[in-house]
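Colleague: Attaching a single structure in structure tokens format; questions to follow.
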Amino acid sequence: MSFSKLGLSDPILKAIADIGYKTPTPIQKKAIPAILSGKDLVAASQTGTGKTASFVLPILEKLDTEHTRRAKRIRALIISPTRELAEQIETNVAQYGQYLNLTSMAMYGGVDADPQKQRLIEGVDILVATPGRLLEMIYQRALHFDELEIIVMDEADRMLNMGFIDDINKIIDRLPEDRQSLLFSATLTKDVRFLAKTVNNDALEITISPKATAAPSIEQWLITVDKDTKSALLSHLIKEQQWDQALIFIEKKHGAAKLVSQLEKRGIKAESIHGDRSQAMRAKILSDFKSGEIKFLVATGVAARGIDIGELTRVVNYDLPFRPEEYIHRIGRTGRAGATGEAISFVAMGDFKNLCAIESRLGHIITRKEIEGFPVRKTVPVSILNYVPKNKKIANKPSSPKSHGTTKETSNRKNKSTKKNPNKETNKVNQHIWGK
Ligand code: AMP
């Protein structure tokens with residue numbers, strides 16, 4: 000199937016052809032005609048599936064290019080959890096819409112608001128914004144919604160996990176009733192569905208990856224390791240396996256700086272991005288990473304959200320994330336849209352419950368590899384696929400104190416018998432899954 004069958008017109012088809020997309024991805028095949036027909040949508044689709052184009056292309060198609068642009072009036076609003084993702088989406092809007100007479104802007108906090116206000120006065124058709132700055136602009140009457148036709152909430156699960164629910168509700172309250180609403184999320188948790196009901200009207204539900212499993216082109220493996228040998232192990236892998244590039248996820252900001260200096264002591268040049276770095280610095284580092292000038296980038300989860308690096312071959316979970324959704328998002332940075340990728344996780348003894356929650360979500364255990372010269376002192380037990388954590392706080396630890404997220408669905412609770420004697424059941428459960 001080609002893009003021309005989806006109801007897109009020539010200027011858009013030409014832009015897509017220029018970029019080199021040949022056939023629509025599954026989410027694009029389903030979402031584009033539905034959005035063009037005016038339906039509200041709730042779509043479960045992870046990053047790397049081409050989901051951005053699946054809403055940007057029909058939005059470009061639907062907006063009338065003959066429309067007289069008015070100051071402070073936007074016609075399409077895309078809400079994104081982070082500035083990096085907002086920039087990414089806006090770059091795509093500009094690329095896909097390069098032959099159309101439409102204007103767009105990415106708007107986020109942490110930078111001077113005045114140039115953004117000026118742009119809104121000049122007239123913006125498609126606004127991609129993070130919730131905080133958007134609300135600020137609304138309160139300052141720098142932006143009005145009386146001409147708004149379409150709203151998209153991208154990575155809704157992530158927005159909830161980041162504690163944006165109050166801001167989002169305040170924004171929704173100000174939108175005109177007569178609008179088309181689209182919600183995209185990697186996972187459709189209970190909270191996401193609740194939000195979808197508030198935003199959408201009789202929405203069509205599209206699920207591309209029902210369990211939000213990772214794309215099959217990503218080879219996932221893990222290494223059990225003691226916490227104090229992680230940096231030596233990483234340096235060893237980079238050198239021994241001659242890695243060209245890697246995005247390395249770490250839990251804490253100060254840990255990122257420390258790891259960079261540990262790598263550099265071993266002759267490996269690396270950089271880090273985290274919330275404390277200025278927007279300008281983050282943008283510069285990201286662009287150097289994309290161009291290949293920086294080969295190893297250590298990033299905290301939030302900072303790395305939405306990074307789209309065309310050919311990224313490898314991500315490393317130096318620290319295993321607390322939430323299965325986060326794991327899926329992270330590994331979605333590699334193996335994107337057909338390219339193959341590798342996702343390597345370092346798992347220490349304290350990560351056992353998180354690992355079980357992640358593997359339960361994936362529906363399979365992750366292959367373990369042993370690395371010569373790195374024997375573990377504190378072994379990580381064999382994984383249990385339907386493990387039910389006794390201490391829910393650990394597996395369900397929210398990413399911020401304001402979190403509204405939930406990971407209730409992360410473990411399969413059907414077979415509670417495993418709880419009492421997990422190891423005995425492990426093989427049975429795994430064989431069942433592998434044998435499917
Ligand atoms: P996304 O899921 O929106 O983050 O997109 C992931 C990557 O896939 C981006 O680098 C897009 O440029 C690329 N992409 C999107 N649609 C297609 C397509 N139909 N064919 C090839 N690549 C695509």
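Note that numbering that gives the first Met the number 0 numbers the sequence shown so that position 102 is 101, with each residue one more than the last. Every residue, glycine too, gets a C-beta built ideally from N, C-alpha and C.
Do Leu232 and Ile370 come within 8 Å of each other at the CB atom, strictly closer than that value?
Modeller: A contact, by the Cβ cut-off of 8 Å.
Colleague: So is the beta-carbon of Thr81 under 7 Å away from any non-hydrogen atom of ligand 1?
Modeller: False, no ligand heavy atom lies under 7 Å from that Cβ.
Colleague: The alpha helix (DSSP H) that contains Thr51, what's its start and end?
Modeller: Looking at the DSSP string, the run of the alpha helix (DSSP H) that includes Thr51 is Lys50 to Lys61.
Colleague: For Ile125 and Asp166, I'd like the C-alpha separation in whole angstroms.
Modeller: Cα to Cα, Ile125 sits roughly 20 Å from Asp166.
Colleague: May I ask you to report which of helix, strand or coil DSSP gives Ile284?
Modeller: Here Ile284 sits in helix by DSSP.
Colleague: For His143, which three-state DSSP category applies?
Modeller: Note: His143 maps to strand in three-state DSSP.
Colleague: Is any non-hydrogen atom of ligand 1 found closer than 7 Å to the C-beta of Pro443, if you look at the structure I gave you?
Modeller: Limits of the chain in this structure are 0 at one end and 435 at the other, which puts residue 443 out of reach.
Colleague: Drop a sphere of 10 angstroms on the beta-carbon of Ser3, count the other beta-carbons inside from all chains shown, and report buried for 16 or more, exposed for fewer.
Modeller: Exposed, since its Cβ has fewer than 16 Cβ neighbours within 10 Å.
Colleague: Is any heavy atom of ligand 2 found at a distance shorter than 7 Å from the C-beta of Gln97?
Modeller: In the structure shown, ligand 2 is absent; the only ligands present are ligand 1.
Colleague: Determine the extent of the alpha helix (DSSP H) in which Ile26 is found, giving its start and end residues.
Modeller: It spans Pro25 to Leu35 - the alpha helix (DSSP H) in which Ile26 sits, taken as one unbroken run.
Colleague: Mapping DSSP to helix, strand and coil, what is Gln94?
Modeller: DSSP places Gln94 in helix when its eight states are reduced to three.
Colleague: What would DSSP say about Gly108, mapped onto helix, strand or coil?
Modeller: Correct three-state label for Gly108: coil.
Colleague: Looking at the unbroken alpha helix (DSSP H) that takes in Ala269, where does it start and where does it end?
Modeller: Taken as a continuous stretch (DSSP letters only), Ala269 belongs to no alpha helix (DSSP H), being part of the beta strand (DSSP E) at Ala269 to Ile272.
Colleague: The beta strand (DSSP E) spanning Arg118 covers which residue range?
Modeller: Note, Arg118: premise wrong, no beta strand (DSSP E); alpha helix (DSSP H) at Asp113 to Glu121.
Colleague: Could you check if Lys50 is buried or exposed, using at least 16 other CB atoms within 10 Å of its CB as the buried criterion?
Modeller: With 16 or more other Cβ atoms within 10 Å, it is buried.
Colleague: I'd like to know whether the C-beta atoms of Leu187 and Ala43 end up nearer to each other than 8 Å.
Modeller: Cβ atoms of Leu187 and Ala43: closer than 8 Å.
Colleague: If we ignore side chains and look at the alpha-carbon of each, how far apart do Ile364 and Leu221 end up?
Modeller: So the alpha carbons of these two residues sit roughly 10 Å apart.
Colleague: Taking the beta strand (DSSP E) that Ser184 belongs to, which residues open and close that run?
Modeller: From DSSP, the beta strand (DSSP E) with Ser184 extends over Gln179 to Ser184.
Colleague: Give me the DSSP bridge partner(s) of Asn316.
Modeller: Looking at the DSSP assignment, Asn316 forms a beta bridge with Phe248 and Ser344.
Colleague: If Asn199 sits next to Leu182, beta carbons under 8 Å apart, how far is it from one beta carbon to the other, in whole angstroms?
Modeller: About 6 Å separates the two Cβ atoms, so the contact holds.
Colleague: Per DSSP, Ser457 is paired with what?
Modeller: Because the chain is modelled from 0 through 435, residue 457 falls outside the range shown and cannot be assessed.
Colleague: DSSP beta-bridge partners for Arg367?
Modeller: Arg367 is bridged to Leu221.
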